Structure formats: C-alpha cells, structure tokens
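Asker: Here it is, the structure, as structure tokens.
There are 2 protein chains.
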Amino acid sequence: MSLIVQKYGGSSVADAESIKRVAKRIVETRKAGNEVVVAVSAMGDSTDELLDLAHQVTPIPAPRELDMLLTAGERISMALLAMAIKSMGHDARSFTGSQAGMITDARHGQARIVDVTPGRVRDALDEGAIAIVAGFQGFNRGTGDITTLGRGGSDTTAVALAAALHADICEIYTDVDGIFTADPRVVPKARKIERITSEEMLELAANGAKVLYIRAVEYARRHGVTLHVRSSFNNNEGTIVYNATDEQNRERPVEEPLIAGVATDLSEAKITVVGVPDIPGKAAQIFNIVAKTGANIDMIVQNVSAAATGLTDISFTLPKSDGQTVLTTLTAEQTDVGFASLQYDDQIGKLALVGAGMRTNAGVSAKLFTALYEAGINIEMISTSEIRISVVTRADTVNDALRVVHTAFGLDADSDAVVHGGSGR
Amino acid sequence: MSLIVQKYGGSSVADAESIKRVAKRIVETRKAGNEVVVAVSAMGDSTDELLDLAHQVTPIPAPRELDMLLTAGERISMALLAMAIKSMGHDARSFTGSQAGMITDARHGQARIVDVTPGRVRDALDEGAIAIVAGFQGFNRGTGDITTLGRGGSDTTAVALAAALHADICEIYTDVDGIFTADPRVVPKARKIERITSEEMLELAANGAKVLYIRAVEYARRHGVTLHVRSSFNNNEGTIVYNATDEQNRERPVEEPLIAGVATDLSEAKITVVGVPDIPGKAAQIFNIVAKTGANIDMIVQNVSAAATGLTDISFTLPKSDGQTVLTTLTAEQTDVGFASLQYDDQIGKLALVGAGMRTNAGVSAKLFTALYEAGINIEMISTSEIRISVVTRADTVNDALRVVHTAFGLDADSDAVVHGGSGR
Numbered sequence: 028m029s030l031i032v033q034k035y036g037g038s039s040v041a042d043a044e045s046i047k048r049v050a051k052r053i054v055e056t057r058k059a060g061n062e063v064v065v066a067v068s069a070m071g072d073s074t075d076e077l078l079d080l081a082h083q084v085t086p087i088p089a090p091r092e093l094d095m096l097l098t099a100g101e102r103i104s105m106a107l108l109a110m111a112i113k114s115m116g117h118d119a120r121s122f123t124g125s126q127a128g129m130i131t132d133a134r135h136g137q138a139r140i141v142d143v144t145p146g147r148v149r150d151a152l153d154e155g156a157i158a159i160v161a162g163f164q165g166f167n168r169g170t171g172d173i174t175t176l177g178r179g180g181s182d183t184t185a186v187a188l189a190a191a192l193h194a195d196i197c198e199i200y201t202d203v204d205g206i207f208t209a210d211p212r213v214v215p216k217a218r219k220i221e222r223i224t225s226e227e228m229l230e231l232a233a234n235g236a237k238v239l240y241i242r243a244v245e246y247a248r249r250h251g252v253t254l255h256v257r258s259s260f261n262n263n264e265g266t267i268v269y270n271a272t273d274e275q276n277r278e279r280p281v282e283e284p285l286i287a288g289v290a291t292d293l294s295e296a297k298i299t300v301v302g303v304p305d306i307p308g309k310a311a312q313i314f315n316i317v318a319k320t321g322a323n324i325d326m327i328v329q330n331v332s333a334a335a336t337g338l339t340d341i342s343f344t345l346p347k348s349d350g351q352t353v354l355t356t357l358t359a360e361q362t363d364v365g366f367a368s369l370q371y372d373d374q375i376g377k378l379a380l381v382g383a384g385m386r387t388n389a390g391v392s393a394k395l396f397t398a399l400y401e402a403g404i405n406i407e408m409i410s411t412s413e414i415r416i417s418v419v420t421r422a423d424t425v426n427d428a429l430r431v432v433h434t435a436f437g438l439d440a441d442s443d444a445v446v447h448g449g450s451g452r
Numbered sequence: 028m029s030l031i032v033q034k035y036g037g038s039s040v041a042d043a044e045s046i047k048r049v050a051k052r053i054v055e056t057r058k059a060g061n062e063v064v065v066a067v068s069a070m071g072d073s074t075d076e077l078l079d080l081a082h083q084v085t086p087i088p089a090p091r092e093l094d095m096l097l098t099a100g101e102r103i104s105m106a107l108l109a110m111a112i113k114s115m116g117h118d119a120r121s122f123t124g125s126q127a128g129m130i131t132d133a134r135h136g137q138a139r140i141v142d143v144t145p146g147r148v149r150d151a152l153d154e155g156a157i158a159i160v161a162g163f164q165g166f167n168r169g170t171g172d173i174t175t176l177g178r179g180g181s182d183t184t185a186v187a188l189a190a191a192l193h194a195d196i197c198e199i200y201t202d203v204d205g206i207f208t209a210d211p212r213v214v215p216k217a218r219k220i221e222r223i224t225s226e227e228m229l230e231l232a233a234n235g236a237k238v239l240y241i242r243a244v245e246y247a248r249r250h251g252v253t254l255h256v257r258s259s260f261n262n263n264e265g266t267i268v269y270n271a272t273d274e275q276n277r278e279r280p281v282e283e284p285l286i287a288g289v290a291t292d293l294s295e296a297k298i299t300v301v302g303v304p305d306i307p308g309k310a311a312q313i314f315n316i317v318a319k320t321g322a323n324i325d326m327i328v329q330n331v332s333a334a335a336t337g338l339t340d341i342s343f344t345l346p347k348s349d350g351q352t353v354l355t356t357l358t359a360e361q362t363d364v365g366f367a368s369l370q371y372d373d374q375i376g377k378l379a380l381v382g383a384g385m386r387t388n389a390g391v392s393a394k395l396f397t398a399l400y401e402a403g404i405n406i407e408m409i410s411t412s413e414i415r416i417s418v419v420t421r422a423d424t425v426n427d428a429l430r431v432v433h434t435a436f437g438l439d440a441d442s443d444a445v446v447h448g449g450s451g452r
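As structure tokens, then:
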C-alpha cells in the first residue's frame, strides 16, 4: 500500500461539477489500494473575491483578519470535496490547516512552516478514511491565530504533508500536462519533460516557469519528496521532479540530458545606477539600501570601471512591482552614495537555459550566444549558475529567443504539444 | 465600565457597506466606555448559498462536512467586521466558535452548548480590544470537530457569551425595532413592547413571533441574561427581555400588564386520529409512535368519548414539515393501535395570547372567545398554559382574529407602527 498526497488547485475545483470529477479521481486512487491525503485550494477565483470584499471594507485590511477571511475559501472547497467523496461511499474527513497540524510562524499572509504534526490526518488514514486538508493555511501556536502561507501555499501544504507522512509521492494536479521544455503557448514543439531534478526545477521556477512554486520545490528537495506534476483533466503521466542526491535515485542513475528546459520571464525590470564611484563598499551600500525595501533582486551586473573617470555602472533586475519603491528609496540616498543618475527599463525579457548536464559541458554558453546572435537578438545582461545561464534581451524579442534556443539545443518535439486552458496555480 | 454583548444578524451585515455601518455602531459603543463583544452571523444569504453548493455536490451532505462548510460563512463576516473596526482606529480581534470557547456536544447541525470558556475573548477585552465572535458555531472536544448550533444559533452564541462573561446586557440587533404586541405587518396599530419577561417572550416565540429564537430566550432565562432587542438601522430603544425572578428585577417590580402580546403561526398542520379505542394507554401509544419521528408536537386535544361507541378522536398540531413523516409512521402502526383513520389538515392558523398578568385574572379566556365569536371566527382547538391561551382557527381567518383580539385587549397604539424590511433572523 502506498501513501499518496494529491494537491488540487483552484481551477480543478472551480464548481460543483469539477469537485465531483476530482472526487472521482481521488476515489479511484483509494480503490487502487493507496492511502490518500488531499491538499486542496479554494474554489476558482474565490480567494480573489474575498480579497475584493476586504478591500471594499478597508483599503489596508489587518493581516490577522485577512488570514481569517481568506482561510474560509479552502474550508468551503475541502468540505464540499469530502462530502462528494462520502456520497460515493468512501469515508473522507476534511481538516483545516490547524487540525492537520500545519504549525507556522506568526507572519500573517506569508507564514513559514515551522512544524508539521499531522496526527489527526494519520488517524483518519489508519481508520480507512481519505483525508482532505485545506491548502494554504496554518496555525501559530504562540498567538493561537490562523495564518496563511502566501503564494503557492497549497503546493507547499501538499509537499509538507508528504514529507511529514513519509508519502511515497506527492502528486500536484494542475491544468497542464506537466513541466515542458518551454512554454507550449510560445513554443508549439515544446516537449513534456518526463523526469527533472529538483535543482533544475528550482531554476526553471525561479526563472519564470509558472506551474510549480519555487517554495514548494525547495521544500520537496530539502525533505526528499518526489513530485509528480500532472493534469487533473486527463490520466496522462506528467513530470516527475526528483531529488538527484537521494539514495534511491543514486542507485538508479538516469542519463542526465544536457538541457532540461528553457524558461522566460517578462515580469522584471532593470535599474541601472549610473556613475557610481569605483571605490570599495559602494555596491554593498547600494544593495543594503535596496534590501531595506524588501525587493527581490535577481541578476546583478557591474561594468568594468572606466579607469579614466573612476566611475562604474551597476545594473540589476527586479520584479516590476518593486520598481517604483526601489527608485524612490535610491533617489533619497543619491547624495550619500554619490551616483550620477538612475535608469529604469521595464521593457526587458529574461531567458534562462537550465540543465544539470551543463555542469560538465563547456560549450553550452557558446552555443546559446551563437543561436541568439544568428537570430539577430541582442544580449544585454548575462548571469550564470552551475546549472543555468540567464540572459536579458529586449522584451519583444524574448519569445523569438525562446524558439531559436529551444531548437538549437535539440529540444523540439516531433509534433506540437496540446495546450490546455490557462496556467496552473 | 459595562460589558455589552451585541449580536448582528445576516441582514445587518449583508454587504461591505452594512458591515462598515455596523462597525461604526460597535465603535460608538466602545467609545462610550464599554467593553464590547460581538456575535455575528454570516453575510446576508451566504449560508443558503453554501447549502445550495452542498446540494449541488450531493443530495445528502455528510453532517460533519456540512458544518465545516457552513462555518465558513461567519468566518468571512467576522473577519471583515474586525477589519472594518481596525480601519477606524480601534483594536478588534475575530474569534471562531472554537477560539471563543463555545464547547458543544457532537450533534452536527444542531449541537447543544455544554461549556463556554471564553478565555481568549476575555484576554482581548483586557487588552482593550473589541472581540468579534463567529455566531452559530462551536467545537466538540471529544472529536475535535467543528459543529453548528442550528437555527437561531447566532442568538444563542450571543446569549451564551453574555452569560459566561457576566455581561451587563446582551443586545440583539435585527431589522425591526423590537418585540411588538403583534406582527406590525398584520396589525398596523401594534405597539412596541418596552419590557417583557423572558417567560412571556418564550411563549410568544414558541407561538410564532419570529424576532427571537426560543432557544436563545431559554438560555437567557436560565442564566439570568437581560436581552435588549433593537434595530441596527436606527438608535431607538428596543424591547428589554428580563428575568422576572432575578433579584434585581424583584427589587424593582414593574406593574405587570394583563397581556404582553399576541402571536400567530401559520406553519403548523393538524392531524386527527379518528376512532381510537377509549382504553388506558392508547394516547401514550400514539405519542410514543409520533415521538420516534422526532416531530415537535404542539397542541393536543382529545374529544370526550362517545360512550356508545367506546371510541374517541385525538387531534394534535405539528410543523407542516413533519406532517408526511408522522402520517406514514402512524399508518404503519394502524392495526396495532386500532384507530379507524387519519385526517390531515394543513389549512389551520394558530393564535396565542400571552401575558403574565392572566395568571391572576380570570376573565381573559372569556374575553378572547367573545371577541372571536363577535367577529364570526370559529375556534377549532384550545390550549392553555399559566400565561398563555392558544386557539386554532382556519388559516384564512387568523389575521382577522389577530386584529380583533389586539383591539379587544386594548393593545392598539394611537398611531401605526413603522414597518421595516423583512423579519429578523
């Protein structure tokens, strides 16, 4: 008997009919002889509707109360799902984050999991029931208050339960067939990836792949949870995200492909700090100022100093949503830092090539740059990690870049991918 | 400093605007120097909408899951209300039934309160905050499960909190101005009652007055909680429901009016068991059979036996919703009981005249029957308690009966009552 954790996002439980469909799938998994724990998101857009109500009441809702409000969403979906399963003749029990033992810190709206004590979930399984757990929500022991885990919280709930219950697998159900070598809406010949390491998945997620949240992948990697990302609309096998350092996976090495996939991201902007005195400590000073805003800096590039002037330029990318705050904060400190001016550019696109195989293959950068050059696409910034190369281009060339790079690295499938609805959540 | 518990029903918090209006009223009560605890229902029709969702998923939702589902409703309204208050610069904290210590038995959908341990509510008050508590919901310690209190549950929550916190008063906010001597929609000259004993209120509630639920009144009476039923749409004084046996009220006796008010009820039906053998034990046998269905029997009348036949008829009233079940159950036992036939009549109306003053006044029944006779209204059943006389008439005459009785007992006001929207809940 295997223990399977399944996670269903909002689009999979958008209405009564979808809930019944999902219930049927869960029952089938149970009937196949597995123990089943389900983490479920709020129905469709209901979280946004609750947020909207909150903002009708007050422009800045109190964080504790906002969490209390939003957690009503999963309460509804999980109760309906449990009812649906019970009406099919199988025992099911729904649990709030608190009841399922999702213990978090007290940071409302973005709580971190500090402990998982799923005693009641384990009991339900032992009694033959299917356990339905509210995604996205937790409980702080110190305050006794309800918390929420922030974006991608339901994925994290599923992975955390899988880790605590030593599940055999954590299935993430979404509305796409799995992880693709590139976004199939841009690259029709994108291929579904059968297996990918959690390291590679992390890089893809961090660079714009939307199907899995980076936080859930991180949690899975740290706790050795194997993920299976698949569609709730068909029975196709999806993508296995596995931990390459796991004992189990080391025993059965798979030949690492050179490149796992290519991700693109249009959500970032670039700030260039022009004319920074090229003396020690200036970069630190700038990024300390930026850090105070809480903005999430991605790529950083510093030009070689022009010796004659003793000045240099520092560019970095960050989410567009943080742009204005960072500009304002930096401007306030201009005299102190001593830079000449700031440039803001929100017309950039980022492309990231990810693959554990590039660790041992020197020619990857050269091949990437050549492909882009031949397509007439200009590279504005470059940043690399052990298993990733990212480049920044003009926003309107990034999709072209994605297609030529996908082809250049031999990722194209023989036929076009089938594209379903929207993106997963 | 007084401690005031306020209860707001669904119609008082139907949308964001109503919630802000209610928040303002709560803040005013706090600013006047009172400690304030609020019990709140789900917004408008949201409980019905959740029920509807449940029935889309399955015709017979599992009771545990239905409670989990429905309690999402108050979670939403209480969080929004707490946010609204905080945005006005006053501290507020929302609590679920479980967090507020509403401990119940495990009967899902109709749980009874077994203990109230409002430690967190008390702490919030001690820290200067306004406590917002979800009405209608509780928590069973044995199962660790969420429960709901059934119809009128939010009134009961408010009264139970008032009792446990030794509140000075429990204000029940609704969409009418208080308790009236009769339904103002039928009797325009109905008067708002200033003070009424909980005993009288119980009889009125049991006989069709919709503003307060009988269960909440019972709880208030048993625990010596004084209620103030008033409108959330204006600042008029409403109706005080007090315990006549309280020390405090005995010290300040008020002159008891002969009649407190008149209630009518069109929700009942009458079943007559025809041709019952007039031997000992037959009535007991019949009502034991009826009791098994869980139906709530109201009035019972047995005709004098016709000596020649040795047979008698037994009539009783019950909610129309229980009619079919009771008929079926009795028919199944017909041979065993030995009655001739059953008659079912759902075209009856009930009128109840309530007043503690009738205890010491012999002429009340005579006056009632005379008034009805003079109006040409036929009486089909009569039942009396110490402080109430009920009669059953044809359904289509009960409103006429209400008006003539209201006038006959001198209850008419000089001017017509102002009638607001719907009924309270």
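Protein chains in written order, with my numbering: chain A, 28 to 452; chain B, 28 to 452. Where is the CB? At the ideal position from N, CA and C, for every residue including glycine. Keep in mind it's a predicted model, so treat the numbers as computed, not measured.
When you measure from the CB of residue 307 of chain B to every non-hydrogen atom of the ligand NAP, does any distance come out below 8 Å?
Answerer: No copy of the ligand NAP occurs in the structure displayed, which carries no ligand at all.
Asker: Short of 7 Å Cβ to Cβ, which residues in the segment 143-160 of chain A face chain B?
Answerer: Residues passing the 7 Å Cβ filter: 147.
Asker: From residue 206 of chain B to residue 225 of chain B, what distance separates their C-alpha atoms?
Answerer: Distance between the alpha carbons of residue 206 of chain B and residue 225 of chain B: 12 Å.
Asker: Which word fits residue 423 of chain A, buried or exposed, when buried means at least 16 other C-beta atoms lie within 10 angstroms of its C-beta?
Answerer: With fewer than 16 other Cβ atoms within 10 Å, it is exposed.
Asker: Given 8 Å as the limit, is there contact between the segment 54-63 of chain A and the segment 206-218 of chain A, that is, 3 or more CB pairs closer than that?
Answerer: The segment 54-63 of chain A, when compared against the segment 206-218 of chain A, does not touch it at the 8 Å Cβ threshold.
Asker: Suppose contacts are defined by Cβ-Cβ distances below 9 Å. Is residue 342 of chain A in contact with residue 327 of chain A by that definition?
Answerer: Contact: yes.
Asker: Compare the C-beta of residue 325 of chain A against all C-beta atoms of chain B and say whether one is closer than 9 Å.
Answerer: Chain B, which has no Cβ nearer than 9 Å to the Cβ of residue 325 of chain A, makes this no.
Asker: Against chain B, with Cβ distances strictly below 9 Å, would residue 378 of chain A count as a contact?
Answerer: No, residue 378 of chain A lies away from the interface with chain B (no Cβ there is under 9 Å from its Cβ).
Asker: Would you give the residue range spanned by the alpha helix (DSSP H) that residue 92 of chain B belongs to?
Answerer: Residues 90-114.
Asker: Going by other Cβ atoms of all chains shown within 10 Å of its Cβ, with 16 needed for buried, is residue 116 of chain A buried or exposed?
Answerer: It is exposed - the Cβ of residue 116 of chain A has fewer than 16 other Cβ atoms within 10 Å.
Asker: May I have the straight-line CA-CA distance separating residue 377 of chain A from residue 319 of chain A, to the nearest angstrom?
Answerer: About 25 Å.
Asker: May I ask you to list the residues that DSSP assigns as paired with residue 47 of chain A?
Answerer: In DSSP, residue 47 of chain A forms no bridge with anything.
Asker: Output, in sequence order along the chain, the residues in the segment 168-180 of chain B whose CB is closer than 7 Å to any CB in chain A.
Answerer: Result list: 171.
Asker: Do residue 107 of chain B and residue 40 of chain B have their C-beta atoms closer together than 9 Å?
Answerer: For residue 107 of chain B and residue 40 of chain B, yes; Cβs fall inside 9 Å.
Asker: Specify, as a first and last residue, the run of the beta strand (DSSP E) that residue 183 of chain A falls within.
Answerer: It is not in any beta strand (DSSP E) - residue 183 of chain A instead sits in the alpha helix (DSSP H) that spans 180-191.
Asker: Determine, using beta carbons only, whether residue 84 of chain A comes closer than 9 Å to chain B.
Answerer: By this cut-off, residue 84 of chain A is an interface position.
Asker: Pull the bridge partners of residue 442 of chain B from the DSSP assignment, please.
Answerer: Looking at the DSSP assignment, residue 442 of chain B forms no beta bridge with any residue, so it has no partner.
Asker: Can you tell me where the alpha helix (DSSP H) with residue 408 of chain A in it begins and where it stops?
Answerer: From DSSP, residue 408 of chain A is part of no alpha helix (DSSP H) but of the beta strand (DSSP E) over 408-412.
Asker: Mind checking who residue 165 of chain A pairs with in its DSSP beta bridge?
Answerer: Residue 165 of chain A pairs with A/174.
Asker: Name, please, each residue of chain B whose Cβ falls closer than 7 Å to the Cβ of residue 53 of chain A.
Answerer: What residue 53 of chain A touches in chain B: nothing, since even the nearest Cβ is about 13 Å away.
Asker: Could you tell me the distance, in whole angstroms, from the CA atom of residue 407 of chain B to the CA atom of residue 102 of chain B?
Answerer: Straight-line Cα distance between these residues: approximately 47 Å.
Asker: Residue 163 of chain B and residue 128 of chain B: beta carbons closer than 9 Å?
Answerer: No. Outside cutoff.
Asker: Out of curiosity, what's the CA-to-CA distance linking residue 410 of chain A and residue 381 of chain A?
Answerer: Those two C-alpha atoms are separated by around 12 Å.
Asker: When you compare the CB of residue 188 of chain A with every CB in chain D, is at least one pair closer than 9 Å?
Answerer: The chain inventory of the structure shown lacks chain D, comprising the protein chains A and B.
Asker: What are the start and end residues of the alpha helix (DSSP H) that includes residue 319 of chain A?
Answerer: Where residue 319 of chain A is concerned, the enclosing alpha helix (DSSP H) stretches over 309-319.
Asker: Is DSSP giving residue 241 of chain A helix, strand or coil here?
Answerer: DSSP places residue 241 of chain A in helix when its eight states are reduced to three.
Asker: Between residue 1 of chain A and chain B, is there a C-beta pair that is closer than 9 Å?
Answerer: Nothing about residue 1 of chain A can be read from this structure; chain A reaches only from 28 to 452.
Asker: For residue 34 of chain B and residue 254 of chain A, what's the separation of their Cα atoms in angstroms?
Answerer: For residue 34 of chain B and residue 254 of chain A, the distance between alpha carbons rounds to 48 Å.
Asker: Can you name, in chain order, every residue of its own chain whose Cβ lies under 8 Å from the Cβ of residue 135 of chain B, other than the five neighbours on each side?
Answerer: If we look at residue 135 of chain B and ignore the five residues flanking it on each side, its Cβ neighbours are 90, 91, 93, 94, 172, 174 and 175.
Asker: Could you tell me which chain A residues have their CB closer than 9 Å to the CB of residue 114 of chain B, listed as they occur along the chain?
Answerer: By Cβ distance, chain A contributes 84, 85, 86, 87, 88 and 89.
Asker: Using 8 Å as the cut-off, can you tell me whether the segment 256-273 of chain A makes contact with the segment 307-321 of chain A, which would need three or more C-beta pairs spanning the two stretches below that distance?
Answerer: Because the criterion of three Cβ pairs below 8 Å is not met, the segment 256-273 of chain A and the segment 307-321 of chain A do not touch.
Asker: For the segment 213-229 of chain A, list every residue whose C-beta sits within 7 Å of some C-beta in chain B, in sequence order.
Answerer: Those residues of the segment 213-229 of chain A that come within reach of chain B (Cβ to Cβ, closer than 7 Å) do not exist; the list is empty.
Asker: Between the C-alpha atoms of residue 132 of chain B and residue 126 of chain B, what's the straight-line distance to the nearest angstrom?
Answerer: Rounded to the nearest angstrom, the two C-alpha atoms are 16 Å apart.
Asker: Have a look at the DSSP bridge pairing and note the partners of residue 129 of chain B.
Answerer: Looking at the DSSP assignment, residue 129 of chain B forms a beta bridge with B/143.
Asker: Taking only three categories from DSSP, how would you classify residue 135 of chain A?
Answerer: Coil, per DSSP.
Asker: Cα separation between residue 202 of chain A and residue 69 of chain A?
Answerer: When rounded, the distance between both Cα atoms is 15 Å.
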